[in-house]
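Enquirer: Please read through the structure below; I'll follow up with questions.
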Amino acid sequence: MRALLAFPPRGGFHLRSSGALRTLRRGGRPFCCHQMKWLLAVSLPFFVIDQITKELVLRYVPLDVTIPVIPGFFNIIQAHNTGAAFSMFRDNNYFFVGLASTALLVLVFLFWKGKFAYLTTKWAGALLVAGIAGNLIDRLRHGFVVDFLDVILPWYGHWPTFNVADSCICVAAGLFVIASFREERAQKKAKAEAK
Numbered sequence: 003m004r005a006l007l008a009f010p011p012r013g014g015f016h017l018r019s020s021g022a023l024r025t026l027r028r029g030g031r032p033f034c035c036h037q038m039k040w041l042l043a044v045s046l047p048f049f050v051i052d053q054i055t056k057e058l059v060l061r062y063v064p065l066d067v068t069i070p071v072i073p074g075f076f077n078i079i080q081a082h083n084t085g086a087a088f089s090m091f092r093d094n095n096y097f098f099v100g101l102a103s104t105a106l107l108v109l110v111f112l113f114w115k116g117k118f119a120y121l122t123t124k125w126a127g128a129l130l131v132a133g134i135a136g137n138l139i140d141r142l143r144h145g146f147v148v149d150f151l152d153v154i155l156p157w158y159g160h161w162p163t164f165n166v167a168d169s170c171i172c173v174a175a176g177l178f179v180i181a182s183f184r185e186e187r188a189q190k191k192a193k194a195e196a197k
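For the sequence shown, the residue numbers in this note's numbering are 3 to 197.
Structure, rendered in structure tokens:
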């Protein structure tokens with residue numbers, strides 16, 4: 003055994019990083035960064051569209067004035083919502099600020115950890131982030147969410163007024179449902195093949 007302060011062997015010391023460290027460098031941080039870049043690339047455009055459309059409505063559409071786009075089917079109005087999507091659970095702005103902030107942090111963390119493994123769930127998660135962030139900014143800026151899309155259905159009448167962020171949230175929910183069915187079918191197929 004060579005003494006601690008003895009001269010190194012001919013050729014000097016050869017430093018090698020551990021296999022675990024190489025794996026971390028190659029597959030850890032870059033993978034997380036890729037996930038976050040993907041999240042921003044998908045969610046940011048929808049968030050920006052949501053905020054721009056709301057700002058235009060606040061500036062140019064008087065409160066509770068209906069502007070027909072497709073008469074009898076689709077109108078633009080300015081409505082203030084202190085509840086959830088589609089004007090549900092009104093007058094709970096502070097509660098929804100806390101809920102939305104928590105949900106946003108959880109979703110970003112899940113993206114960072116790479117928990118959205120499939121393309122369908124990635125899209126769903128990114129749209130959900132865009133929708134939650136869009137409505138959260140409204141609540142923090144105005145104390146309410148700006149809704150402006152008014153759809154009239156023949157068998158229902160006026161659908162609750164909504165916005166781009168609400169649409170993102172609904173599409174995300176639908177994609178999560180589709181992904182769950184696909185995963186269930188994949189599990190059944192795997193069990194059948196195992197037999």
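All C-beta atoms in this analysis are idealised placements derived from N, C-alpha and C, irrespective of residue type, glycine included.
If the criterion is Cβ atoms closer than 9 Å, does the pair ILE134 and ILE180 meet it?
Expert: no
Enquirer: State the Cα-Cα distance for the pair ALA43 and SER103, rounded to the nearest angstrom.
Expert: 21 Å
Enquirer: So what does DSSP say about VAL2, is it helix, strand or coil?
Expert: Outside the shown range of the chain, which is 3 to 197, sits residue 2, and nothing can be said about it.
Enquirer: Throw me the rounded Cβ distance for the LEU142 and VAL99 pair, which I believe falls under 8 Å.
Expert: Under the criterion of beta carbons closer than 8 Å, LEU142 and VAL99 qualify as touching, at roughly 7 Å.
Enquirer: Mind checking which residues open and close the alpha helix (DSSP H) that includes ASN94?
Expert: No alpha helix (DSSP H) contains ASN94, which DSSP labels as neither H nor E.
Enquirer: Would you mind sorting ASP52 into buried or exposed? The rule is 16 or more other CB atoms within 10 Å of its CB.
Expert: buried
Enquirer: Between which residues of its own chain and LEU41 is the CB-CB distance below 6 Å, once the five residues before and five after are set aside?
Expert: PHE113 and ALA128
Enquirer: Report all residues from its chain with a CB closer than 7 Å to the CB of PHE118; omit the five preceding and five following residues, and keep chain order.
Expert: LEU112, LYS124 and GLY127
Enquirer: According to DSSP, simplified to helix, strand and coil, what is PHE183?
Expert: helix
Enquirer: Report the CB separation of PHE49 from ALA132 in whole angstroms; it is logged as a contact under 8 Å.
Expert: 5 Å
Enquirer: For the alpha helix (DSSP H) containing ASN137, list its first residue and its last residue.
Expert: 121-144
Enquirer: Among the residues of its own chain, which have a CB less than 8 Å from the CB of ASN165, if the five just before and after it don't count?
Expert: The residues ASP52, THR55, LYS56, GLY136, ASN137, VAL147, VAL148, ASP149, PHE150 and LEU151, in chain order, have a CB closer than 8 Å to that of ASN165 in the same chain once the five nearest residues on each side in sequence are set aside.
Enquirer: Would you say ALA175 and LEU130 are within 9 Å of each other, going by their C-beta atoms?
Expert: yes
Enquirer: Measure the alpha-carbon distance for HIS36 versus GLU185 and round it to whole angstroms.
Expert: 24 Å
Enquirer: Going by Cα to Cα distance, which pick from ALA167, MET38 and ASN83 is closest to ASP66?
Expert: ASN83
Enquirer: What would DSSP say about PHE118, mapped onto helix, strand or coil?
Expert: coil
Enquirer: Which word fits THR68, buried or exposed, when buried means at least 16 other C-beta atoms lie within 10 angstroms of its C-beta?
Expert: exposed
Enquirer: Leaving out five residues on either side along the sequence, give the residues of the same chain with a beta carbon under 6 Å from the beta carbon of ALA81.
Expert: In chain order, ASP149 and THR163 place their CB closer than 6 Å to the CB of ALA81, counting only its own chain and leaving out the 5 sequence neighbours on each side.
Enquirer: According to DSSP, which residues form a beta bridge with VAL147?
Expert: Paired residues: ASN83.
Enquirer: Just verifying my parser: in three-state terms, what is the DSSP assignment at VAL47?
Expert: Checking the sequence, you will find Pro at residue 47 rather than Val. In this structure, PRO47 counts as helix in the three-state DSSP scheme.
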